[in-house]
Every structure is written in C-alpha cells, then in structure tokens.
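For the sequence shown, the residue numbers in mature numbering (1 follows the signal peptide of the UniProt record, and there is no 0) are -22 to -1, 1 to 438.
Each residue gets a CB set at the ideal place from its N, CA and C atoms; glycine is no exception.
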Amino acid sequence: MVPRPSALVASAAALLSTTAFAAPTRSSYQEPLEDGTLGEAPVAKYPFKNDPYDRKHDTYGDGVQPLPIRNGHGTSVLGPVNLDRDRQNPDLVRPPSTDHGILPNLRWSFSDSHIRIEEGGWTRQTTVRELAASKEIAGVNMRLDAGVIRELHWHKEAEWAYVLDGKVRVTAFDTDGGSFMDDLEKGDLWYFPSGHPHSLQGLGENGTEFLLIFDSGDFSEDSTFLLNEWIEHTPKAVVAENFRLPPEMFENIHEKDRYIFQGSIPDSIDKEKPRAFKRSKHQYTHHMLDTPAQKGSGGQAKIVDSKNFPISKTIAAGHLDIEPGALREMHWHPNADEWSFFIRGRARVTIFAAEGNARTFDYMAGDVGVVPRNMGHFIENLSDDEPLEVLEIFRADEFQDFSLFQWMGETPQRLVRDHLFQHDPKSGEKFSKMVESAEKDVIKSQYYDGKDEGLEKAEL
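What follows is the structure in structure tokens.
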C-alpha cells in the first residue's frame, strides 16, 4: 500500500510555500525558490505525485498548491496561472486517473454572477445562461437589509426558498382570497406556486439573505410581474375605475418598478393583519431544520418534499450535514437533475455519465453544482476538520435516490461476485460480508485512510 500523503505534507509544505502562496500579483509558479532553483523543484517535492488510489487533495487543509502531476505523468506549469482558481479546483488541475472522456461544465460560483445593486439590497442569479447544465432549475441569491422590501410580485415559475441567514417576513395570497403571513429565520423554507402573488421584507437588525429556487433554468429575476410596473402601464382612468377612486389620486404613484427598496419597519404580524384578513388554507412555509433527520455514520440528511411540505409540488430538497472526511454515498437520482448549493465547507464530486465518461469537480461555499438525472456520483468532504453543509435540490415532487451500497447488498451475492470479483474470490467474499446488511448509510464516516483497516474489519 502507498502511504497516505499527509505524512509528507508537513515536510514539503515549507519548501513549497514560497511558490504556492505568494501575493496575488504572481502569475506563474516559476519564481526562484530560496535555494535559487527553478522549474523542477516543485515537481520533485510535490507530495501528491504518486497516488494510485486518487485520494482527496484538500489544497486549503494541506497547504500544497495543486500541480498537473500524477503517477509519473505530467509536469510543472511554466506559463501564467491563477493560483487562487487552481487551489479552488485541485481535481481539474490534477484530475483523478479515473476521469475520462468529455462532460460539460457542471460547476458555477455565485461569485462569478453579476450582482444587481438596489436600495438596501442586492441580487444575483445562476441560470441556464450562466451554467448551461442548469436546465431544470434557476437559483437567485438575494439580500435585503432591515425593513427592505422585495416588491409585491408574482412569477410564471414556482418559487422555493431557503433562508441562509437573518430574518424575513413573507406574505402571500391564494386563489380563494386567503392571505398568509409568516416570519422566518435561518433554515426555514417557503414555496409559492406559479402565479401566487407574494412579498418579502427583511427583519431584525441585519435583515436577511436567502436562496431562491425556480422550477425552470430559463428563469430571469428581471422577468417577474411587478405591482408598480403593472400600474404604470395601465391607463390611469382604468386604474381609477378598478379601485373606485378619482384618477388624480394615482398621478403621484411611482413610475418605475420598486423591485428592492427601503420600506418602513413592520410591526408584529397580529398588528399588521388587514381588517378583512382571511387566513389561507395553504401553508406556504416550512421549518426545514426541524425535520427529522436520516442519520448516517458520517452525518445526517433532512428531506423536504411534497410528503411533509404538501404545497411544494415542483421542488424537493435535502439538507446534508457531512462530517469532516465523510462521504455522501455513491448514488443516483432517477426523477430529476440534482442542483446543489454548497453553504459551508469544501467538497469533491465525481460524476459518472456512462460510456466511460466521468469528471471530477470541486466545490466550496457559494458554489452551485449540477448532476444530470441518473448519473452516478458522490459528495466527499475534502476537509478533515471542517463540516460540509449542502442543499440538494430537485425539480420534482418527491426526493428519490438509489444507493449503490444498498443495491449491492440486496442483489444475490453470487451475481455480484460474478460481476466484480469473478477472478478474485477471496476479495469477493470480503465484499459480500461488507454489504450483507444492505443498510442504507446516506452519509458514510471516513473509513479508509490508506491502510488495511477496512479489509481487516471486513474479515470480522
């Protein structure tokens, strides 16, 4: 067995630090080291150059800049390079030997999205225009300061949202004339079906920030139906007739959409309810973090779909807490593309697309990942000391996945061994013992560290 490279990192990090973590103005690896050498010094000292098992490479935790060197192949970089980008994407710089073929880009960072700045808030989006693979879902990251309002509006698309931080008040109105108001905080959800009018307002000292999800990748935050814009583009005589008021009353109405604007600080819900308030029969909000968790040996998952949040007919989601070094097990989703948002931590994901095609992507906080339906994949926490927090989101009414481990355990073991270990019966028996429980472990604790502990446990 090849020893885990972490033992080599400490001794190599000092030698590499002069080139790996220089000032942002540097455009190449190839500046002189302390001993005056150039070029091949990073290659000779690179601790990950030999790794036949393609273990994870956490450039932030290990303190080693990734290089395109793997098992006797590749060499150093002589030309310009963006060191920060390379650190964020070690598995693009040095892909696992198992990567093969061609896959489209399946990663986007909200940091690369244009921000629209408004009075007391901002918004940015990731749609099919930013990430071509994001065909089923579009995401919008929005911030509202205290008292700031997202204008009364509605969409052609349904809207699902997760509160990332702070507090927010939502209002909604249904087709039966029922009204809804609720105050939400970090970890809470809302869902507004297509066409249901609603508003959002930041509460508390710092307002709120949230992730909006729409059930079409073609969605644009600029294409919503806005209250002020509609009034502006309707003859004043008609507006006056509709509200049974003289037309001159509408002469001073705002002549542009408000979109995001500073409003007055709201009172309590009870004090703000209209006189004719009739509560909606729909529950538009849900406390996701209060959902019972599916416990795994390396973390937990909380699932919300139409089973426990009935109004959410087009969006299902899972909230994953993955412990340091742990693994969201190998699996696939049969009913929808996976649209993932990484809230905290660092991860790598290898996506298997059939026909021998596979590609590994790295993600960190603020990133979006897409896994097309039925493509096998995993999510591995790259860090050995920081938890990973991820939202898995689907354009579907139900969260569905297939566990590779569970499938192998529930299939006749003779058949499994004939597929995987036909010429290695001893390993086949160990494999069968490991999967015989067939228990789904949605998030697996770190188990194999480059030694033989895993095989020894399988023999027990």
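Note down the Cα distance separating residue i from residue j, rounded to an integer number of angstroms.
i: lysine 251; j: leucine 382; result: 51 Å
i: aspartate 235; j: glycine 276; result: 48 Å
i: proline 73; j: glutamate 358; result: 15 Å
i: proline 82; j: aspartate 248; result: 51 Å
i: leucine 162; j: phenylalanine 320; result: 21 Å
i: leucine 181; j: methionine 159; result: 13 Å
i: phenylalanine 170; j: valine 413; result: 42 Å
i: proline 350; j: isoleucine 371; result: 12 Å
i: glycine 14; j: arginine 63; result: In this predicted model, glycine 14 has a pLDDT of only 43, less than 50, meaning its place in the structure is not dependable; the value taken from the coordinates is given anyway. When rounded, the distance between both Cα atoms is 26 Å.
i: glycine 274; j: tyrosine 425; result: 13 Å
i: isoleucine 421; j: serine 284; result: 23 Å
i: leucine 56; j: valine 21; result: 12 Å
i: asparagine 335; j: lysine 164; result: 39 Å
i: aspartate 419; j: histidine 297; result: 15 Å
i: serine 91; j: threonine 104; result: 7 Å
i: threonine 76; j: arginine 65; result: 20 Å
i: glutamine 272; j: phenylalanine 356; result: 17 Å
i: glutamine 384; j: leucine 189; result: 33 Å
i: glycine 52; j: methionine 342; result: 26 Å
i: aspartate 402; j: alanine 416; result: 22 Å
i: serine 198; j: tryptophan 208; result: 18 Å
i: asparagine 67; j: tyrosine 31; result: 19 Å
i: histidine 78; j: phenylalanine 330; result: 9 Å
From the DSSP output, in three-state form, read off residue i for me.
i: arginine 48; result: strand
i: methionine 120; result: strand
i: glutamine 179; result: strand
i: threonine 212; result: coil
i: proline 10; result: Confidence is the limiting factor: at proline 10 the pLDDT is only 39, short of 50, which leaves the residue's position unreliable, though a coordinate-based value still follows. Coil.
i: tyrosine 31; result: coil
i: glutamate 97; result: coil
i: alanine 85; result: The sequence as given places arginine at residue 85; alanine does not occur at that position. Three-state result, arginine 85: strand.
i: serine 5; result: Here serine 5 scores only 42 on pLDDT, less than 50, and its place in the model is too uncertain to base an answer on.
i: tyrosine 237; result: coil
i: alanine 331; result: coil
i: threonine 104; result: strand
i: alanine 336; result: strand
i: valine 141; result: strand
i: asparagine 151; result: Note that residue 151 is phenylalanine in the sequence shown, not asparagine. Phenylalanine 151 falls in the strand class under three-state DSSP.
Less than 8 Å between the beta carbons of residue i and residue j, yes or no?
i: methionine 308; j: valine 282; result: no
i: serine 157; j: phenylalanine 255; result: yes
i: tryptophan 138; j: leucine 167; result: yes
i: aspartate 363; j: proline 288; result: no
i: glycine 347; j: leucine 84; result: yes
i: threonine 149; j: serine 177; result: yes
i: tryptophan 310; j: glycine 354; result: yes
i: aspartate 69; j: phenylalanine 339; result: yes
i: threonine 263; j: alanine 136; result: no
i: proline 175; j: leucine 130; result: yes
i: serine 258; j: aspartate 152; result: yes
i: arginine 361; j: glycine 99; result: Residue identity differs from the one stated: residue 361 is serine in this sequence, not arginine. Their beta carbons are not under 8 Å apart, which means serine 361 does not touch glycine 99 by this criterion.
i: alanine 294; j: phenylalanine 377; result: yes
i: glycine 125; j: isoleucine 47; result: no
Using only alpha-carbon positions, find the residue among the options that is nearest to residue i.
i: aspartate 102; options: Ile191, Asp268, Ile209; result: Here residue 102 is arginine; the residue named in the question, aspartate, does not match the sequence. That would be Ile191, whose Cα lies nearest to the Cα of arginine 102.
i: leucine 369; options: Gly354, Glu417, Leu142; result: Leu142
i: tyrosine 24; options: Gly39, Tyr38, Arg33, Gln43; result: Gln43
i: alanine 215; options: Met342, Phe221, Asn206, Pro225; result: Pro225
i: arginine 33; options: Val327, Ser258, Met353; result: Val327
i: aspartate 29; options: Tyr38, Gly39, Gly41, Asn49; result: Asn49
i: glycine 144; options: Ala374, Ala279, Met120; result: Met120
i: glycine 185; options: Ser112, Ile80, Val146, His397; result: Val146
i: alanine 374; options: Glu210, Ser194, Phe239, Asp345; result: Ser194
i: leucine 366; options: Trp86, Glu376, Asp40, Asp299; result: Asp299
i: threonine 202; options: Gln400, Gly173, Pro390; result: Gly173
Contact check, residue i vs residue j under 8 Å by CB: the rounded distance?
i: serine 423; j: alanine 304; result: 5 Å
i: aspartate 315; j: glutamate 114; result: 5 Å
i: isoleucine 238; j: glutamate 97; result: 6 Å
Examine chain B for any beta-carbon lying closer than 8 Å to the beta-carbon of residue i, and answer yes or no.
i: aspartate 62; result: Chain labels in this structure do not include chain B; a single protein chain is all it has.
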